[in-house]
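2 protein chains.
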Amino acid sequence: MNLKELAAHLGLSQTTVSRALNGYPEVSEATRLRVSHAAEQHNYRPNTRAKGLATGRTMAVGHVIPTSTRHEMVNPIFGDFISGAGETYARHGFDMVLSMVEDGHQPRVYRELKAKGTVDGLIVQGPGVSDPRIGLLRDLDIPFVVHGRASEETREYAWLDVNNTSAFASATALLLDLGHRRIAFLNGLEAMDFARRRRAGFEMALAQRGLGPNPRHMRSAEMTEGYGYASAREMLLGADPPTAFLVSSLITALGVRRAVEEFGMTLGRDVSLITHDDDLSYLRNAGEVPYFTATRSSVREAGMLCAQMLLDLIHAPREALPTRLLEAPLVLGRSTGPCPT
Amino acid sequence: MNLKELAAHLGLSQTTVSRALNGYPEVSEATRLRVSHAAEQHNYRPNTRAKGLATGRTMAVGHVIPTSTRHEMVNPIFGDFISGAGETYARHGFDMVLSMVEDGHQPRVYRELKAKGTVDGLIVQGPGVSDPRIGLLRDLDIPFVVHGRASEETREYAWLDVNNTSAFASATALLLDLGHRRIAFLNGLEAMDFARRRRAGFEMALAQRGLGPNPRHMRSAEMTEGYGYASAREMLLGADPPTAFLVSSLITALGVRRAVEEFGMTLGRDVSLITHDDDLSYLRNAGEVPYFTATRSSVREAGMLCAQMLLDLIHAPREALPTRLLEAPLVLGRSTGPCPT
DNA sequence: CCCGAATTTGAAAGCGCTTTGGGCTTGGGT
DNA sequence: ACCCAAGCCCAAAGCGCTTTCAAATTCGGG
Chain D
1 MNLKELAAHL GLSQTTVSRA LNGYPEVSEA TRLRVSHAAE QHNYRPNTRA
51 KGLATGRTMA VGHVIPTSTR HEMVNPIFGD FISGAGETYA RHGFDMVLSM
101 VEDGHQPRVY RELKAKGTVD GLIVQGPGVS DPRIGLLRDL DIPFVVHGRA
151 SEETREYAWL DVNNTSAFAS ATALLLDLGH RRIAFLNGLE AMDFARRRRA
201 GFEMALAQRG LGPNPRHMRS AEMTEGYGYA SAREMLLGAD PPTAFLVSSL
251 ITALGVRRAV EEFGMTLGRD VSLITHDDDL SYLRNAGEVP YFTATRSSVR
301 EAGMLCAQML LDLIHAPREA LPTRLLEAPL VLGRSTGPCP T
Chain U
1001 MNLKELAAHL GLSQTTVSRA LNGYPEVSEA TRLRVSHAAE QHNYRPNTRA
1051 KGLATGRTMA VGHVIPTSTR HEMVNPIFGD FISGAGETYA RHGFDMVLSM
1101 VEDGHQPRVY RELKAKGTVD GLIVQGPGVS DPRIGLLRDL DIPFVVHGRA
1151 SEETREYAWL DVNNTSAFAS ATALLLDLGH RRIAFLNGLE AMDFARRRRA
1201 GFEMALAQRG LGPNPRHMRS AEMTEGYGYA SAREMLLGAD PPTAFLVSSL
1251 ITALGVRRAV EEFGMTLGRD VSLITHDDDL SYLRNAGEVP YFTATRSSVR
1301 EAGMLCAQML LDLIHAPREA LPTRLLEAPL VLGRSTGPCP T
């Protein structure tokens, strides 16, 4: 059933039917009712493409997901973030189109998305310290919101980020307060902006007490379980083993726990651990007293907020681009305790 | 830059330019070269919506992701599956549109997708034992492929599934061979078809040795880490504690491991465990000798295969709907050993 | 040289919708 | 009784593309 048929069926013009359905004032309440009733009954939905063509709006936003062929790693964050964003889009009648793109081809894909006119706006995920995508999208003149920031980007852009620096600084401070001095730091890939900031927070907190990091106890890699396991194992076997771990991801923390327990030690007693917790739906670190002490920030909520920012931007493009910094509070769990003497 | 402009710029008609770019034979090689060169240079891309309107093809496929508001759980499978599928779509120039939909509203969304003409085909995820979506989509007459099966569905449909029954039967057989008799089974939600089949495999293997399951040692729930932890803890504290666990998800297995080690026991020695392993990119159970003994099947690959099936179906609708059953081989890890006496 | 076939190109219709610019009725004011 | 504004409604153009049908050009053979 399309507009023409529906109009014919009602003995009205397409114009009137269209207006009635889109809430224009120049149509009598009586016919509006009649029309919307018939539309309902015939399950009429305007064709998206036609509507888009006519209005210039696509009612769709794009997410470009980088896939590194090297390790075929999908960011575990991905699912929850998308789910949060998607919910918001759905509520506003927007579609979400996803493109999986190999790392190097991102610019091409962005250009195509613009040229083909598939979307009204974009979300940029996982920005690096310096990220060419941001400049490109500004030049393409298409609304976009960045989840995270790119420290070295000088031009303005809309973003939403977690205060990684302060979160990791307070986590570090807590460990120091507990008497830990040999703190290992298992970071994410430091080409990623968030990882760089976390490191800054860690080092800042140490510096405040006149301490410096031990390079042997600092790692940076993709945040898998195996990475946590292998690193912890190695460090615990080495000289001056760390008494505490600061970890960038709950998944990696699970690996650390595995190593720790394999050595017959107990987390929170023999070794302390603080991790960042993205509050992933399938990996809850919950309970009145959660298992891991953690800096927590829901990535699902971040998705919802990013989506909302983007929709606002699409509806009312403005000069001052919105930005938002979320705090990641420290929640106390059972994985931290005083440094054993 | 649009067709009209490009045509004007070349001093040709839109017709000719369109033909040249789409590889129609009735255009001289000389002008075809001239056209494609100019298109390249001006970075021309045909507008998707316009093209779609004209051809009736959208070059997009939809994934409808159920989100249960009850627990806001996103299936951890999701990311890898999407990533596999998305890669295939990208290679064929298809877009992927995602809809996050609350459990109850699925039929409405499918209807809308059809009526609005947003997609050429659909993937159905996580089918239940009896799933109304399948009948609906058949009635709507839109190409679709189901990831998994719906046992109680009698009509034909295209699907790709893992042989869950045989996988869990052989896992159970292995545990029995190792001497285990008290085997706990932590299954997924048994409204899901895959869970029902796994259970069937488990019970079948037991029955073959004249054994029956112990209801106290069988659980069914959403496959979180906490579920594994709590269940294992409870069972290990109870009477006749299990000596082995058969688990439906690696994440849940991690929870079981936590409980086991909390009791000072060692996996593979004091307690055995076999889990299903979806080979998730961020949770690899790899190595020459993987940590967990597991039935393994890459869900990322499943995504790629489903996508390919769907594209084939879109390009050449056929009467005989394709189906495909993947085996999930048992890989031996360090989490299994003979039953302690 | 001329003619019909083959080769190339174009004009225009149409995909399903929105929206501009009128047109036709009413009804109230004078 | 007449006029004008308000209230409703419609025909048609246009969004950017494909595709049908027809026209223009080229070319080989008689």
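Residue numbers (my numbering), protein chains in the order written: chain D, 1 to 341; chain U, 1001 to 1341. Just so you know, even glycine gets a beta-carbon here, dropped at the ideal spot from N, CA and C.
- For residue 109/D, there is no enclosing beta strand (DSSP E); the enclosing alpha helix (DSSP H) has its first and last residue at 106-116.
- When secondary structure is reduced to three states using DSSP, residue 1147/U falls in the strand class.
- Here residue 11/D is exposed. Its C-beta has fewer than 16 other C-beta atoms within 10 Å.
- The three-state reading of DSSP puts residue 231/D in helix, counting H, G and I together.
- It is roughly 43 Å from the alpha-carbon of residue 136/D to the alpha-carbon of residue 40/D.
- Only those residues of the stretch 74-86 of chain D whose C-beta falls short of 8 Å from the nearest C-beta of chain U are listed: 74, 75, 76, 78, 79, 80, 82, 83, 86.
- Under the three-state reduction of DSSP, residue 1252/U is assigned to helix.
- Cβ contact annotation for residue 1309/U (same chain, cutoff 8 Å, sequence separation greater than five): 1145, 1158, 1160, 1322, 1324, in chain order.
- Scanning its chain for C-beta atoms nearer than 6 Å, with the 5 sequence neighbours on each side dropped, one finds around residue 1335/U the residues 1267, 1268, 1273, 1292, 1293, in chain order.
- Residue 95/D belongs to the set of residues whose beta carbon lies under 9 Å from a beta carbon in chain U.
- Residue 90/D has a beta carbon lying within less than 9 Å of a beta carbon in chain U.
- In this chain, the alpha helix (DSSP H) harbouring residue 1021/U covers 1014-1021.
- The stretch 1202-1209 of chain U and the stretch 1123-1143 of chain U do not touch, with fewer than three beta-carbon pairs separated by less than 8 Å.
- In the structure shown, residue 102/D falls within a strand segment according to DSSP collapsed to helix, strand and coil.
- Going by C-alpha positions, residue 1278/U is about 7 Å away from residue 1077/U.
- Within the same chain, Cβ atoms closer than 7 Å to the Cβ of residue 1118/U are found at 1058, 1060, 1062, 1097, the five residues on either side in sequence being excluded.
- Beta-bridge analysis with DSSP links residue 176/D to no other residue.
- In the three-state scheme derived from DSSP, where H, G and I count as helix and E and B as strand, residue 1276/U is classed as strand.
- With contact defined as three or more Cβ pairs closer than 8 Å, the stretch 1168-1186 of chain U and the stretch 1236-1244 of chain U are in contact.
- Residue 30/D and residue 91/D have their C-alpha atoms some 29 Å from each other.
- In the three-state reduction of the DSSP assignment, residue 166/D falls in the helix class, which pools H, G and I.
- In this model, residue 300/D and residue 80/D are separated by some 5 Å (Cα to Cα).
- DSSP lists 60/D as the beta-bridge partner residues of residue 95/D.
- In the three-state scheme derived from DSSP, where H, G and I count as helix and E and B as strand, residue 1121/U is classed as strand.
- Residues of the stretch 1043-1055 of chain U whose Cβ lies closer than 8 Å to any Cβ of chain D, in chain order: 1043, 1044, 1045, 1046, 1047, 1048, 1049, 1050, 1052, 1053.
- The alpha-carbon of residue 208/D is positioned some 13 Å away from that of residue 168/D.
- Residue 1162/U does not reach chain D, its nearest Cβ partner there being about 19 Å away, counting only Cβ pairs nearer than 9 Å.
- At a cut-off of 9 Å, the C-beta of residue 225/D has a neighbouring C-beta in chain U.
- Sequence-ordered contacts of the stretch 240-254 of chain D with chain U read 251, 254 [C-beta pairs closer than 7 Å].
- For residue 263/D, the secondary structure class from DSSP, reduced to helix, strand or coil, is coil.
- With contacts defined as CB atoms closer than 9 Å, residue 143/D and residue 313/D qualify as a contacting pair.
- Selection 194/D, 172/D, 43/D evaluated against residue 149/D yields 194/D as nearest (Cα-Cα).
- Contact annotation: residue 27/D and residue 1280/U have beta-carbon atoms that are not nearer than 9 Å.
- Here the alpha carbons of residue 190/D and residue 220/D stand approximately 6 Å from one another.
- By the Cβ neighbour-count rule, residue 131/D is buried, with 16 or more other Cβ atoms within 10 Å of its own.
- For residue 1202/U, the enclosing alpha helix (DSSP H) starts and ends at 1193-1208.
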